[in-house]
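Residue numbers (the working numbering), protein chains in the order written: chain A, 1 to 108; chain B, 109 to 216.
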């Protein structure tokens, strides 16, 4: 049994919450401060910071502090890896469906 | 606050476990019985069935029973939706990076 979490485990775990997806959505437009990220979310600042912690630990987001402002940035590498994992399975599924179609056509 | 789970919550929650990704990987090649899915996994049949339950409840997998054999199939719709969600954010991030590059070039 695997007793550690793989990067994709952490990525999908981070993506499964609507507040965290909303934060990623905003960060896809460019860097933002924690308070900018918190503004549209219906929750307290500490709750937003917990979501940011999950995103940062997953590797989907990086943060840096300058003075009193913490700026958050999207890190696209793991996001691309998660996208690729899904795309490959979807494509494999479609290829097999096409193959089945060809097989059925030839059998007519 | 949202007190129900959205389809994307369930999809990413299902995807965050390596055993469940392994099952989806196998199902992308075509339908399989529960025992075929269980064979390569280092866990008990009841554990595999719990993972299948999560996958079925998410909508990523459908199962049907014929006699004593339960056959599992990948349902590509939600998988595509999850892929699209990620792809759109990644593309938005890249567009904004390009725009920043153009802005910096113009400033030289």
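By construction, the Cβ of each residue, glycine as well, lies at the ideal position given by its N, Cα and C atoms.
Where DSSP assigns a beta bridge to residue i, which residues make up the other side?
i, result
"residue 180 of chain B", "B:140 and B:171"
Can you check which of these residues, the options, is closest to residue i by C-alpha distance?
i, options, result
"residue 205 of chain B", "A:73, A:69 and A:22", "A:73"
"residue 61 of chain A", "A:77, A:18 and A:46", "A:77"
"residue 53 of chain A", "A:90, A:107, A:70 and A:104", "A:70"
"residue 63 of chain A", "A:102, A:30 and A:99", "A:30"
"residue 117 of chain B", "A:86, A:91, A:17 and A:40", "A:17"
"residue 151 of chain B", "B:166, B:127, B:208 and B:196", "B:127"
"residue 202 of chain B", "A:15, A:75, A:95 and A:55", "A:75"
"residue 40 of chain A", "A:46, A:89, A:55 and A:22", "A:22"
"residue 197 of chain B", "A:55, A:80, A:88 and A:85", "A:80"
Can you pull the chain B residues whose beta carbon is under 7 Å from the beta carbon of residue i, in chain order?
i, result
"residue 30 of chain A", "204"
"residue 76 of chain A", "198 and 201"
If the cut is a Cβ gap below 8 Å, which residues of chain B does residue i touch?
i, result
"residue 46 of chain A", "Those within 8 Å of residue 46 of chain A in chain B number zero; the least Cβ separation is about 14 Å."
Once DSSP output is grouped into helix, strand and coil, what is the label at residue i?
i, result
"residue 92 of chain A", "helix"
"residue 104 of chain A", "helix"
"residue 17 of chain A", "coil"
"residue 151 of chain B", "coil"
"residue 109 of chain B", "Confidence in residue 109 of chain B is poor, its pLDDT being 46 and thus under 50, which makes the residue's placement unreliable; the coordinate value appears in the next sentence. In the structure shown, residue 109 of chain B sits in coil (DSSP, three-state: anything other than H, G, I, E or B)."
"residue 114 of chain B", "coil"
"residue 57 of chain A", "helix"
"residue 191 of chain B", "helix"
Output, in chain order, the set of chain B residues within a Cβ distance shorter than 9 Å of residue i.
i, result
"residue 72 of chain A", "Chain B residues near residue 72 of chain A: none, gap ~13 Å exceeds 9 Å."
"residue 8 of chain A", "123, 124, 126 and 129"
Could you name the residues of chain A that residue i contacts, counting a contact when the two beta carbons are closer than 7 Å?
i, result
"residue 188 of chain B", "90"
"residue 163 of chain B", "Those do not exist, as residue 163 of chain B stays about 12 Å from chain A at its closest Cβ, beyond 7 Å."
"residue 213 of chain B", "Result: empty, since nearest Cβ-Cβ is about 17 Å, beyond 7 Å."
Residue i versus chain A: which residues are under 8 Å apart at the beta carbon?
i, result
"residue 158 of chain B", "Neighbours of residue 158 of chain B on chain A: none; closest Cβ ~14 Å, over 8 Å."
"residue 132 of chain B", "89"
Along chain E, which residues have their Cβ under 7 Å away from the Cβ of residue i?
i, result
"residue 191 of chain B", "In the structure shown, chain E does not exist; the protein chains are A and B."
For the ligand ZN, any of its heavy atoms closer than 7 Å to the Cβ of residue i?
i, result
"residue 164 of chain B", "Of the ligands one can find in the structure shown there are none, so the ligand ZN has no counterpart to examine."
request  = Check whether the region 32 to 52 of chain A touches the region 153 to 160 of chain B, taking contact to mean three or more Cβ pairs, one atom from each stretch, closer than 8 Å.
outcome  = no
ask   = Do the region 126 to 144 of chain B and the region 19 to 27 of chain A make contact, defined as three or more Cβ pairs closer than 8 Å?
value = no
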